[in-house]
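*Asks:* Note that my numbering has the sequence shown beginning at 163, numbered continuously upward.
Glycine included, every Cβ here is placed at the ideal spot set by N, Cα and C.
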Amino acid sequence: MSLAFRLNLVLTLLVLASALIGGGLVIRNAQRAVAAEAVSTADLTLQLLKVALAHGEASGAADRPETLVPVLRDIGAAGHLAIRVATAAGAETVAAPLADRAIAAPAWFVSMVTPPADSLTRLLELDGTPGMRVFIRASAADEIEESWDEARPLLVLIALFALTANAIIYLVIGRWLRPIYTITDAIEQVSKGHFDQRIEALKPPELQQIAAHVNRMAAALQHADAEKSRIARQGLSIQEDERRALARELHDEMGQSISAIKAVAVSIRQNIAEREPEAAGSARTIEQISSDVYASVRGMMSRLRPGVLDELGLVSALQEMVDAWNAHHDDTFCRFNAEIDGLVLDRDAEINVYRIVQEALTNVARHAAADTVSVALSVGGQGGAGRCLRLTISDDGTGFEPSTVRRGLGLLGIHERVALLGGTVSVESARGHGVTIDASIPT
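#1: Would Ser-281 be called buried (16 or more neighbouring beta carbons within 10 Å of its own) or exposed?
#2: Quick one: give me the first and last residue of the beta strand (DSSP E) that Ala-266 is part of.
#3: Restricting to Cα atoms, I'd like to know which of Ala-166, Arg-246, Leu-574, Ile-434 is closest to Arg-299.
#4: Asp-454: which of Ser-421, Val-426, Arg-552, Gly-585 sits nearest, CA to CA?
#5: With 16 as the cutoff for other CB atoms within 10 Å, does Glu-590 come out buried or exposed?
#6: Just tell me which of Ala-425, Ile-342, Ala-266 has its CA closest to the CA of Leu-165.
#7: Hey, how far is the Cα of Leu-178 from the Cα of Ala-324?
#8: Run through DSSP, which three-state label would Pro-341 get?
#9: Can at least three beta-carbon pairs, one atom from the segment 481 to 498 and one from the segment 515 to 535, be found at a separation below 8 Å?
#10: Mind checking who Gly-542 pairs with in its DSSP beta bridge?
#11: On the DSSP bridge list, what partners appear for Ala-327?
#12: Can the beta-carbon of Gly-583 be found less than 8 Å from the beta-carbon of Tyr-516?
#13: Which residues mark the beginning and the end of the alpha helix (DSSP H) in which Arg-497 is found?
#14: Could you spell out where the beta strand (DSSP E) holding Arg-360 opens and where it closes?
#15: Leu-383 and Leu-466 look like a contact to me (Cβ under 8 Å); what is the Cβ gap, rounded to whole Å?
#16: Check this for me: beta carbons of Val-275 and Leu-211, under 8 Å apart or not?
#17: Evaluate the contact criterion for the segment 522 to 536 versus the segment 548 to 559: three or more CB pairs, one atom per stretch, below 8 Å.
#18: Would you check if the distance between the CB atom of Arg-446 and the CB atom of Arg-431 is smaller than 8 Å?
#19: How would you label Leu-476, buried or exposed, when you count the other beta carbons within 10 angstroms and need 16 or more for buried?
#20: Could you tell me how far apart the beta carbons of Ala-427 and Ile-448 are, in whole angstroms, since I believe they sit closer than 8 Å?
#21: Measure the Cβ-Cβ separation of Ala-381 and Gln-370 and say whether it is below 8 Å.
#22: What first and last residue would you give for the alpha helix (DSSP H) that runs through Glu-512?
#23: Since I believe Gly-585 is in contact with Ser-602 (beta carbons under 8 Å), could you give me their beta-carbon distance rounded to a whole number of angstroms?
#24: Can you tell me which residues form a DSSP beta bridge with Ala-601?
#25: Check each candidate in Gly-594, Ile-183, Glu-404, Leu-206 and name the one with the smallest Cα separation from Ile-320.
#26: For Arg-392, tell me which candidate among Val-587, Glu-368, Asp-510 has the shortest Cα-Cα distance.
#27: Where does Val-213 land, buried or exposed, given buried means 16+ other C-beta within 10 angstroms?
#28: In three-state terms, what does DSSP make of Val-537?
#29: Just verifying my parser: in three-state terms, what is the DSSP assignment at Arg-284?
#30: Of the choices Glu-389, Ser-452, Asn-433, Arg-437, whose alpha-carbon is the least far from that of Gln-418?
#31: So His-385 is in the alpha helix (DSSP H); what residue range does that whole segment cover?
#32: Count the other C-beta atoms from every protein chain shown that fall within 10 angstroms of the C-beta of Val-318, then say buried if there are 16 or more, exposed otherwise.
#33: Buried or exposed: which applies to Gly-546, given that a residue is buried once 16 or more other Cβ atoms fall within 10 Å of its Cβ?
#34: CA-CA distance, Glu-389 and Gly-397?
#35: For Ser-151, name the three-state secondary structure that DSSP assigns.
Right under this line is the structure:
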């Protein structure tokens, strides 16, 4: 449950409670007014009837219901009173019934403000006629309608106030919490590695303090990331320098030594071939072993630092790598295509692209079980920032599910090398549909 929803819920409940209290007070006042008016009507009617009987307006009729009823009917003719006469014998006569009409007010309001029947009923016992009683019951219909006419505007006003207040609360809370969403979005971007994300000035001072801390955190992470990249680039540069130096030493020292051993073995074999055939065979064995060791050393030198990369450039080095790879993998064929005329890469970019392709082909050989592999170099753009080198490596092998496989199998090294060059890389794969690596490297 979000903070905005909680705040809106609490404040809405408070507004609703206030509206209910206000509506309850209005209805309570209406109840009192209706009860007071109806009771007053019943009391007034009782007094009028007493006065009429006292002055003899009903003389001679008090002891006869048939003559008393018309007089009572005239009193209740307006329909606001219900009057009935009960004799000592138990007979009852309705002198004036209540008018049967609908009350112009909602049923819920009528049920809430209608006074109890006992409070509207009055009893008059005739002194001259023992046992004869007159029951008077006042109607509250007119008072209810009048109260509804007075209460309706207040209830509508309360409802409008509640709706308006709730709408204002919703808008205000949304506006107040908008900076929080800005902060959370920025934190999410930082968590994804976008350390250049910054939050602009926010109006609430408390949120501005939080934004300032987030900006400082992002700046610190950006600096740390830049430092990490610098150290990593330096490490790769040192690594490549060491590989180059080791390859040179292998060529200069071990290569020459092996060549010398082979030359000596050839000389021995030629000089003693006729006199000592057995020794000549041993010399031939030394010669063969020297050739094998020299070939192995050349392979090591090529892996450590391909000489063709320094001599002829990236495209020729990759073509040589692909040709050598095809020669050693009969079950899989690798196609190579390069269209990067006019694109100039520095030494670090060339060696890293070479290593990326090398690592990718190693992965294909170990894990893909593919029939064909494609390595393509082309010129592309990177967000309008200028030209870039686009490297695409794809195979038709078994593939994998990126969501269930950890970034291993050499993919981590590929990601790191592309990131060090300031580029972007994406890996697309699905089970049974091969793998496609697409990298963009700025130049």
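*Replies:* Once the coordinates are examined:
#1: Indexing the sequence shown from 1 puts residue 281 at position 119. Classification for Ser-281: exposed.
#2: Locating residue 266 in the sequence shown gives position 104, counting from the first residue. Run containing Ala-266: none; DSSP gives neither H nor E here.
#3: In the sequence shown, residue 299 corresponds to position 137, counting from 1. Looking at the Cα atoms, Arg-246 is the closest of the given residues.
#4: Locating residue 454 in the sequence shown gives position 292, counting from the first residue. Measuring from the Cα of Asp-454, the nearest candidate turns out to be Ser-421.
#5: Along the sequence shown, read from residue 1 onward, the residue named residue 590 stands at position 428. With fewer than 16 Cβ atoms within 10 Å of its Cβ, Glu-590 is classed as exposed.
#6: Here residue 165 refers to the residue found at position 3 of the sequence shown. Nearest of Ala-425, Ile-342, Ala-266 to Leu-165, Cα basis: Ile-342.
#7: Residue 178 sits at position 16 when you count from the first residue of the sequence shown. Residue 324 sits at position 162 when you count from the first residue of the sequence shown. One C-alpha to the other measures close to 7 Å.
#8: In the sequence shown, counting from the first residue as 1, residue 341 sits at position 179. Reduced to three states, the DSSP call for Pro-341 is helix.
#9: yes
#10: Locating residue 542 in the sequence shown gives position 380, where the first residue counts as 1. DSSP lists Cys-550 as partners of Gly-542.
#11: As a working note, residue 327 is residue 165 in the sequence shown. Paired residue(s): none; Ala-327 is not in a bridge.
#12: Position 421 of the sequence shown, counted from the start, is the residue given in the question as residue 583. Position 354 of the sequence shown, counted from the start, is the residue given in the question as residue 516. In the sequence as presented, Gly is not what sits at residue 583; that position holds Leu. No, Cβ-Cβ distance for Leu-583 and Tyr-516 is not below 8 Å.
#13: Indexing the sequence shown from 1 puts residue 497 at position 335. Unbroken run through Arg-497 is the beta strand (DSSP E), 495 to 501; no alpha helix (DSSP H).
#14: For the purposes of this step, residue 360 is taken as residue 198 along the sequence shown, with counting starting at 1. No beta strand (DSSP E) contains Arg-360, which DSSP labels as neither H nor E.
#15: Locating residue 383 in the sequence shown gives position 221, counting from the first residue. Locating residue 466 in the sequence shown gives position 304, counting from the first residue. Not confirmed; about 35 Å, so no contact.
#16: Translated into positions along the sequence shown, residue 275 becomes position 113. Translated into positions along the sequence shown, residue 211 becomes position 49. No; because the gap between Cβ atoms is not below 8 Å, this pair is not in contact.
#17: yes
#18: For the purposes of this step, residue 446 is identified with residue 284 of the sequence shown, where counting begins at 1. For the purposes of this step, residue 431 is identified with residue 269 of the sequence shown, where counting begins at 1. Against a cut-off of 8 Å, the Cβ pair of Arg-431 and Arg-446 comes out as a contact.
#19: For the purposes of this step, residue 476 is identified with residue 314 of the sequence shown, where counting begins at 1. Burial call: buried.
#20: Your numbering for residue 427 matches position 265 in the sequence shown. Your numbering for residue 448 matches position 286 in the sequence shown. Indeed they touch by this definition, with Cβ atoms about 4 Å apart.
#21: Sequence index remark: in the sequence shown, residue 381 carries index 219 (1-based). Sequence index remark: in the sequence shown, residue 370 carries index 208 (1-based). Their beta carbons are not under 8 Å apart, which means Ala-381 does not touch Gln-370 by this criterion.
#22: Indexing the sequence shown from 1 puts residue 512 at position 350. 509 to 525 is the span of the alpha helix (DSSP H), which, as asked, contains Glu-512.
#23: The residue you call residue 602 lines up with position 440 of the sequence shown. The residue you call residue 585 lines up with position 423 of the sequence shown. About 5 Å; that satisfies the 8 Å criterion.
#24: Walking along the sequence shown from the start, residue 601 turns up at place 439. Note: Ala-601 sits in a beta bridge opposite Leu-553, Val-587.
#25: What you label residue 320 is simply residue 158 of the sequence shown in a count that begins at 1. That would be Ile-183, whose Cα lies nearest to the Cα of Ile-320.
#26: Position 230 of the sequence shown holds residue 392. Comparing Cα positions, the closest option is Asp-510.
#27: As a first step, residue 213 must be located in the sequence shown, where it is residue number 51. Exposed: under 16 other Cβ atoms inside 10 Å.
#28: By one-based count along the sequence shown, residue 537 stands at place 375. In this structure, Val-537 counts as strand in the three-state DSSP scheme.
#29: Along the sequence shown, one-based indexing puts residue 284 at 122. Arg-284 falls in the strand class under three-state DSSP.
#30: By 1-based counting over the sequence shown, the position of residue 418 is 256. If we check each option's Cα against that of Gln-418, Ser-452 comes out closest.
#31: On the sequence shown, residue 385 is found 223 positions in, with the first residue counted as 1. Counting along the chain, the alpha helix (DSSP H) containing His-385 begins and ends at 367 to 411.
#32: In the sequence shown, the residue the question calls residue 318 occupies position 156. Its Cβ having fewer than 16 others within 10 Å, Val-318 is exposed.
#33: As a working mapping, residue 546 is identified with position 384 in the sequence shown. Residue confidence is low: Gly-546 scores 48 on pLDDT, short of 50, so the model does not pin down where it sits. Its coordinate-derived value is still stated next. By the 10 Å Cβ count, Gly-546 comes out exposed.
#34: By 1-based counting over the sequence shown, the position of residue 389 is 227. By 1-based counting over the sequence shown, the position of residue 397 is 235. Rounded to the nearest angstrom, the two C-alpha atoms are 12 Å apart.
#35: Since the displayed the chain opens at 163 and closes at 605, residue 151 lies outside it and no answer follows.
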